[in-house]
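For reference, the structure discussed in these notes is given below.
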Amino acid sequence: MIFLIPALMACALLRAAPPADRSTITAEAVRGYVRHAERAYDTTLTATQTMRAAVQSFCAEPSDAALARAREAWTAAREVYGRTEAFRFGNGPIDAKRGGVETFVNSWPVDEAYIDAVEGSVGGGIIGNPAKYPALGRAILRLHNRRGGETNVCTGWHAIEFLLWGQDRSESGPGARPATDFVDGKAPFANRRREYLLEITDMLCEDLAKVDAQWHTGGENYRSRFEADPKAAMQAIMTGVALLAGFEMSGERMAVAEETHDQEEEQSCFSDTTHLDFRANVRGIADVLRGDGAPGVIAVVATMDQARADAMTAALAAAVSAVDATPAPFDRAIRTAKGSPEHAQITAAIAALEKLGEEISAAAKLMGYSLPSEPHG
């Protein structure tokens, strides 16, 4: 046994890179991460601006065909945005405690009646109450977003989604708001509905442009501060993907909906595109862990412990596979009975995402970081 100790120590040394090499790879990974974030937000902003053009065309001349194009553009932009959620939870520009825009961009669930008339009513909400809300400018809408309750959402992706699709009352498909809801003389407050939709779409582009600028080179911005401290940056990177997988996706977005069987707890409930949200999110995590044109988190972990890096790689592959197998539409799947194939697929995805979060946290601990189990604040 005594003779085995030196041999085991030698093996351990062979499996871990020298500190200098580890520091170099960590710095490379951080630089790769910020370049990836810049590209991802550039792409997202472009797609969102394309959506805005489609919304503007629809509001100028409302028709079924123009509404369909606006919906398609929303879905395409939303899918690109979903990959950027891997940059959340690290106190970055999207959700920083000071100056973050996440609550204006991606808040949900949405109380539809806070925005507009719902089934069985004619007036109501911000749109249908011009006496209380005579102006629909962005300053007013920012002031009233989530005012009086977390579901009082009136800006961002899901407010736009609600206006484009309407309430989802179908057992088999998405909302079916008619284009005539935006035609003067065909529906009450059509002019305010158009004005509101245009305003919040502009706001979304404005907020994403603000985030995008923080990831570009030049000037004293978030990117320059982030790159200056690779060790702290790596902790923020790992915190983001660990919480997205192990808390946000597995818990807030899947488990809550599965346990309540309530489609109001489904993220993109009006368009029935929640399964696309899941797939985009997990691919965003994969981009960060594997690296996108540069070493990723897994490469950094491998400098400390190859076995731990291999475990993370396996957990990531399992999570991607399980999320891809999540049934669609998600609102129908969450209403199935325990023991059904759909229920089994959802619970398998939840378990795989929790496992991935655990593997990232375990690797972080090895590197000297202590990651939170849920977001702060």
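Residues 738 to 1114 (the numbering used here) are what the sequence shown spells out, left to right. Each residue gets a CB set at the ideal place from its N, CA and C atoms; glycine is no exception.
Report back the beta-carbon spacing between residue i and residue j to the nearest angstrom; my notes put them in contact at under 8 Å.
i, j, result
"Ile937", "Ile877", "Not really, about 11 Å apart at Cβ, beyond 8 Å."
"Asp918", "Arg930", "6 Å"
"Val1038", "Val1025", "Their Cβ separation, rounded to whole angstroms, is 12 Å, which puts Val1038 and Val1025 out of contact at 8 Å."
"Ala766", "Gly1030", "Contact flag wrong, Cβ pair sits at about 11 Å."
"Asn778", "Val948", "With the sequence shown as reference, residue 778 is identified as Tyr, and Asn is not the correct amino acid for it. About 6 Å separates the two Cβ atoms, so the contact holds."
"Glu932", "Leu873", "5 Å"
"Gly860", "Pro925", "6 Å"
"Glu1002", "Val993", "5 Å"
Tell me which residue opens and which closes the alpha helix (DSSP H) that residue i is part of.
i, result
"Tyr1106", "Neither: Tyr1106 is in no alpha helix (DSSP H) and is coded neither H nor E."
"Gly819", "801-821"
"Glu839", "839-842"
"Leu941", "927-951"
"Leu873", "Element bounds for Leu873: n/a, residue is neither H nor E."
"Val1057", "1043-1061"
"Asp1024", "1011-1027"
"Pro846", "Careful: Pro846 lies outside any alpha helix (DSSP H) and carries neither H nor E."
"Phe984", "Taken as a continuous stretch (DSSP letters only), Phe984 belongs to no alpha helix (DSSP H), as it is neither H nor E."
"Ser961", "959-965"
"Arg1072", "From DSSP, Arg1072 is part of no alpha helix (DSSP H); its letter is neither H nor E."
"Ala896", "894-902"
"Ala913", "It is not in any alpha helix (DSSP H) - Ala913 carries neither H nor E in the DSSP assignment."
"Thr1040", "Note, Thr1040: premise wrong, no alpha helix (DSSP H); not H, not E."
"Val993", "993-997"
Take residue i as the anchor and find which of the options has the nearest alpha-carbon.
i, options, result
"Asn1018", "Glu964, Ala797, Arg825", "Arg825"
"Asp1042", "Pro1112, Ala1099, Phe899", "Ala1099"
"Ala913", "Phe963, Ala790, Gly1076, Cys1006", "Cys1006"
"Leu1090", "Gly1105, Lys1102, Ala1074, Ala1062", "Ala1062"
"Met975", "Ile1022, Gln786, Glu964, Asp1029", "Ile1022"
"Thr1040", "Leu1013, Met1104, Arg1069, Asp1014", "Met1104"
"His1113", "Ala777, Leu901, Gly977", "Gly977"
"Ala810", "Val993, Ser1008, Ala946", "Ser1008"
"Arg772", "Val1057, Val1060, Phe963", "Phe963"
"Ala814", "Val792, Lys834, Ala802, Asp801", "Val792"
"Arg1045", "Lys1102, His998, Ala1085", "Lys1102"
"Ser849", "Asp999, Arg759, Gly862, Thr1011", "One detail in the question is off: residue 849 reads as Glu in this sequence, not Ser. Of the listed residues, the one whose Cα sits closest to Glu849 is Gly862."
"Asp853", "Leu901, Gln786, Leu945", "Leu901"
"Thr1010", "Arg789, Thr785, Arg808", "Arg808"
"Leu935", "Ser1110, Thr785, Thr780, Ile1097", "Thr785"
"Ala946", "Gln904, Trp894, Leu782, Gly1076", "Leu782"
"Glu856", "Thr1050, Met991, Gln904", "Gln904"
"Ala1048", "Ile1097, Pro830, Ser1077, Glu1001", "Ile1097"
"Glu989", "Gly910, Ala965, Pro846", "Pro846"
"Pro911", "Pro867, Thr812, Val1057", "Thr812"
"Ala970", "Ala797, Gly827, Asp758", "Gly827"
Which residues in the same chain have their Cβ closer than 6 Å to the Cβ of residue i, if we skip the five residues on either side of it in sequence?
i, result
"Gly1116", "Residue 1116 lies beyond the stretch modelled for the chain, which goes from 738 to 1114, so this question has no answer here."
"Ala774", "Phe824, Trp952"
"Ile742", "Bear in mind that a pLDDT of 37 at Ile742, under 50, signals an unreliable position, so the model cannot answer this."
"Ala1055", "Ala1089"
"Glu1079", "Pro1064, Ala1070, Thr1073"
"Leu804", "Phe795, Ala916"
"Ala927", "Phe919, Val920, Asp921"
"Glu816", "Leu1013, Ala1017"
"Met940", "Arg875, Thr892"
"Tyr1106", "Gln972"
"Met986", "Asn1018, Leu1090"
"Ala1052", "Lys1092, Leu1093, Glu1096"
"His895", "Trp845, Val847"
In chain order, what residues of the same chain lie with their CB nearer than 7 Å to the CB of residue i, ignoring the 5 residues before and after it?
i, result
"Thr761", "none"
"Phe740", "At Phe740, the pLDDT of 37 sits below 50, so the modelled position is not reliable; the number obtained from the coordinates is stated separately. Contacts found: none."
"Pro967", "Thr763, Ala764, Val767"
"Arg1016", "Val1060, Asp1061"
"Arg883", "Thr840, Ser844, Asn889, Val890"
"Met991", "Ile1083, Ala1086, Ile1087"
"Cys748", "Here the model assigns Cys748 a pLDDT of 39, short of 50, so the residue's position is not dependable, and the following value carries that caveat. Cβ neighbours of Cys748 beyond the five flanking positions: none."
"Ile831", "Phe824, Arg825, Gly837, Val838, Glu839, Val948"
Can you name, in chain order, every residue of its own chain whose Cβ lies under 8 Å from the Cβ of residue i, other than the five neighbours on each side?
i, result
"Glu908", "Arg1069"
"Glu995", "Ile1071, His1080, Ile1083, Thr1084, Ile1087"
"Ala1036", "Ile762, Ala766, Gly1028, Ala1046"
"Arg879", "Phe841, Thr892, Met940"
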